[in-house]
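Shown next, in structure tokens, is the structure this report addresses.
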Amino acid sequence: MAGKNIILVIILYFVLSVFVASKALAVTIPSFPSCLNIQGELIVSYTTGTHGIPGDSATYTGSDSVYKLTEDTLTQCFCSVNGDGIQTNWWKVSSLSDNEITDLKNQNWIFILNGSLWGLDDAPYMAKNSNFSCQTTSPTPTPTSSSSSSSSGSSSSSSSSSSSGSSGSVQAASTGSVGQVLGLATTGNILTIYTLLIVGITFILLGIMLARKERGIYGRR
23 MAGKNIILVI ILYFVLSVFV ASKALAVTIP SFPSCLNIQG ELIVSYTTGT
73 HGIPGDSATY TGSDSVYKLT EDTLTQCFCS VNGDGIQTNW WKVSSLSDNE
123 ITDLKNQNWI FILNGSLWGL DDAPYMAKNS NFSCQTTSPT PTPTSSSSSS
173 SSGSSSSSSS SSSSGSSGSV QAASTGSVGQ VLGLATTGNI LTIYTLLIVG
223 ITFILLGIML ARKERGIYGR R
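Going by the numbering used here, the first residue of the sequence shown is number 23, and it counts up by one from there.
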């Protein structure tokens, strides 16, 4: 009888281990840089125009640039005319299973069946949006003490303003940092592993206690 109880405990522990491990092995999300510190190869850029955002039926007016990070990942940086930016991370997911795609949807990723509709490859993609500020700053005028230096300072200020207006200064911070998401995912996996170990030890101790109890009963007989 004691042996049967131990076998039952082992079976329960094995089933629970498989279940918890399947939850711990979540999809590994690629790293995406912020539009505030963009990297990658610029593949297309529009200084103005009307653009769409995945998952949003509205249209937006402003500048738009797309950067290729890897063969499967891209980052799109949109800046509206009023300085509100939207970053879209694109991830080609041809190799992911339906369960993995569902898991990403639960993490606020948007499934795009065909990327060619967005100017990308003819393949399924996941997209995720986050907001940032892309307002430009006006240069501070240089003080002058004479009419000639005032003229020179005005010319210099005008040139600086033109340069600053063409390049723009990106401020504030992104509200959807992928690094934070990855950090939370890693923490969740560690907690899951610890939970699995604690449950396993509990089952083993329970099996030992049951075995001793059975031996005590049969010993008294």
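Beta carbons are placed, not taken as given, at the ideal position from N, Cα and C, and that holds for glycine.
Have a look at residue i and residue j and give me their C-alpha separation to the nearest angstrom.
i	j	result
threonine 70	leucine 126	32 Å
alanine 149	proline 55	14 Å
leucine 227	asparagine 121	35 Å
isoleucine 123	phenylalanine 133	8 Å
serine 67	phenylalanine 225	59 Å
phenylalanine 154	asparagine 130	17 Å
glycine 229	glycine 222	11 Å
aspartate 106	serine 119	35 Å
cysteine 101	asparagine 128	27 Å
asparagine 104	threonine 72	14 Å
asparagine 151	glutamine 157	18 Å
proline 52	tryptophan 140	20 Å
methionine 231	tyrosine 147	53 Å
Classify residue i: buried if its beta carbon has 16 or more other beta carbons within 10 angstroms, exposed otherwise.
i	result
glycine 137	buried
valine 49	buried
leucine 219	exposed
leucine 135	exposed
leucine 142	buried
Whole-angstrom Cβ separation of residue i and residue j, contact assumed at under 8 Å?
i	j	result
cysteine 57	threonine 97	7 Å
aspartate 94	lysine 114	4 Å
serine 116	alanine 80	Not really, about 29 Å apart at Cβ, beyond 8 Å.
State the beta-bridge partners of residue i as determined by DSSP.
i	result
lysine 114	Tyr147
threonine 97	Tyr89 and Asn111
threonine 124	Threonine 124 is not bridged to any residue.
leucine 64	Tyr89
asparagine 153	Ile108
serine 102	Gly84
phenylalanine 133	Met148
glycine 74	Thr81
Evaluate contact between the segment 104 to 113 and the segment 72 to 85, counting only Cβ atoms and requiring at least three cross-stretch pairs below 8 Å.
-> yes
Evaluate contact between the segment 47 to 67 and the segment 89 to 96, counting only Cβ atoms and requiring at least three cross-stretch pairs below 8 Å.
-> yes
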